[in-house]
Amino acid sequence: MAFNDALLHVSSYPDPTPVAAVEQAVGFSAALGARISALTFKVEIPLASNIVADMLLDITGMIAAARRRSVAHAQNLIGAFESMATKRGVTHQQIIVSCTTVQLPDIVTERARMHDVTMVPIGKHADLQQQVAKCVILGSGRPTIVFPETPKKQQFSSLEVVGVAWDFSRPAARAVADALPLLQRAKTVRVVTITQKKAPDTRSSGGELAEHLACHGIEAVLEEEDAAGRTIGQALKEYATARDLDLLVMGAYGHSRLRDLILGGATKTIVANPPLPVLLSH
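Its first residue numbered 1, the sequence shown is counted upward by one per residue in the working numbering.
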């Protein structure tokens, strides 16, 4: 599957997505020749029902101010996005939706189903962004790329070194299949297995994956990384940093429980604070 149609979630509440993150996403679409749609929101905050609290703290006024900030952030970011996309000659569209924060993740997920890939910038203290990413990863049926709001380098535009986290699982196989167009563009592909308490065939399957990738014209370097007491997520983050990866591809683990979406350990670690762009598939 080619990546011809990308979706970018642009946060307007409580804090706006940095312009640098928007530029990263536009650059990624430009490199792939893909259309990019920026989706942002005018966040509606329900009025307080506590009359006493409203009188003492002016809750109504605070909510109105927060709404105005959300609208201003949305309009400013969409303007910056349009300017960047036009300058790069990228086909693009802007989508602004009014909704509450509770509705927001589901709306992004529904839109994601109609795109080849969805990009979600993640800040250090961004609970809402993480919730959006979690919903899209587990609910869209499409690959998701999470990446840091303040990127250290222009990873998206180069994709020279791409890593694959391989554990012989269904999610990992799905991620590899989804990422094939990106792996074919990379100059170097590194397949890494984090060794901890894995069965022997999990490690040896890396060779079989390399043979499969070769059928798609992809030459892969096989590596093993000893977890050495670290969690899988932490080991992957440190591996990606040490190898100076431009993108990491990995399967996403998670399930729903009592209407809550629960991410697996390594997936949760990566989504909470991605050190680089990470493509996840469930």
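Ideal placement from N, C-alpha and C gives every residue a C-beta, glycine not left out.
Note that the structure is a prediction, hence the values are computed from the model and not measured.
{"Item": "What's the C-alpha gap between residue 113 and residue 103?", "Value": "16 Å"}
{"Item": "Only counting runs of 3 or more residues, tell me where the beta strand (DSSP E) segments fall wholly within the stretch 56 to 115, in order along the chain.", "Value": "92 to 99"}
{"Item": "For residue 259, name the three-state secondary structure that DSSP assigns.", "Value": "Only weak support exists for where residue 259 lies, its pLDDT of 48 falling under 50; the value from the coordinates is given anyway. In this structure, residue 259 counts as coil in the three-state DSSP scheme."}
{"Item": "What does DSSP give as the partner residues of residue 175 in its beta bridges?", "Value": "DSSP output for residue 175 lists no bridge partner at all."}
{"Item": "Determine the DSSP secondary structure at residue 278, reduced to helix, strand or coil.", "Value": "strand"}
{"Item": "Does the beta-carbon of residue 46 have 16 or more other beta-carbons within 10 angstroms, so that it is buried, or is it exposed?", "Value": "exposed"}
{"Item": "If you pair each beta-carbon of the stretch 202 to 220 with each one of the stretch 232 to 245, do three or more pairs fall below 8 Å?", "Value": "no"}
{"Item": "Nearest to residue 143 by CA position, among 149, 128, 115, 130, is which residue?", "Value": "115"}
{"Item": "I need the straight-line Cα distance from residue 101 to residue 216, nearest angstrom please.", "Value": "42 Å"}
{"Item": "Provide the residue span of the alpha helix (DSSP H) that contains residue 23, from first to last.", "Value": "19 to 32"}
{"Item": "Give the range of the beta strand (DSSP E) segment to which residue 161 is assigned.", "Value": "161 to 165"}
{"Item": "Going by beta carbon distance, what residues of the same chain come within less than 8 Å of residue 259, once the five residues before and after it are set aside?", "Value": "With a pLDDT of only 48 at residue 259, under 50, the local geometry of the prediction cannot be trusted, and no value is derived from it."}
{"Item": "Just curious, the alpha helix (DSSP H) that residue 237 is in, first and last residue?", "Value": "232 to 242"}
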